[in-house]
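So the sequence shown is numbered by my numbering: it starts at 19 and just counts up by one. The next block holds one structure in the form of structure tokens; read it before the comments.
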Amino acid sequence: MLASFKSSAHYFFDWNLERIERCLKELTEDQLWARPNANSNSIGNQLLHLEGNIRQWIVAGLGKQEDVRVRDAEFAAVNGPTADILLDQLSTVIQEAKTIISSLSPEEMTQERPVQAYVHDATFIVMHVVEHLSYHTGQIIYQTKALRDLDLDFYGDVDLNEKG
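Structure follows, in structure tokens:
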């Protein structure tokens with residue numbers, strides 16, 4: 019079961035990253051950093067936030083590396099790094115996270131660890147990070163569609179009406 023859990027986490031890291039990459043190909047740098055309103059974040063802010071979250075919860079929390087995250091800076095950034103840089107940073111931290119998750123023993127998966135103001139076991143931490151990535155990926159997809167008025171065609175080669 020543990021191998022299946024880890025494999026599923028890896029799959030969804032990659033699945034979300036592919037969708038984010040597809041969105042970034044459609045955006046100008048201005049669109050990347052455009053905030054819909056004063057109470058919303060740009061796609062660029064969301065990418066900084068995702069990289070920070072994965073780095074803090076998995077790389078530092080599970081990988082026992084130094085927690086270097088400055089969360090407020092993720093949301094304060096305006097006209098920050100390019101899409102290529104943001105995608106590279108996110109891809110890198112996802113690969114680090116997958117390596118750390120793969121290395122965890124069954125015992126380590128049940129050990130509680132402090133992250134932010136919380137204490138959770140590694141299984142919870144991995145589930146949270148995958149869920150959090152998916153949540154923001156959905157926001158990025160929505161913002162991309164709203165900015166560009168296009169169908170991203172994620173399922174163009176799949177008959178989603180087919181019954182299993």
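Cβ coordinates follow ideal geometry from the N, Cα and C atoms, glycine included. Source: prediction; values computed, not measured.
Ranked by Cα distance from Ala140, the first of Ser121, Leu66 and Ile38 is Ser121. The beta carbon of Ser109 sits closer than 7 angstroms to those of Leu35, all from its chain and outside the five residues before and after it, given in chain order. Given a length threshold of 4 residues, each whole run of the alpha helix (DSSP H) inside the segment 105-163 is given here in chain order: 124-128. Out of Arg73, Thr100 and Val86, the CA that lies nearest to the CA of Gln49 is found in Thr100.
DSSP, read as helix, strand or coil, puts Arg166 in helix. Annotation for Gln74: no alpha helix (DSSP H) segment contains it, and DSSP assigns it neither H nor E. With respect to the 9 angstroms criterion, Ile76 and Val147 are classified as neighbours on the basis of their beta carbons.
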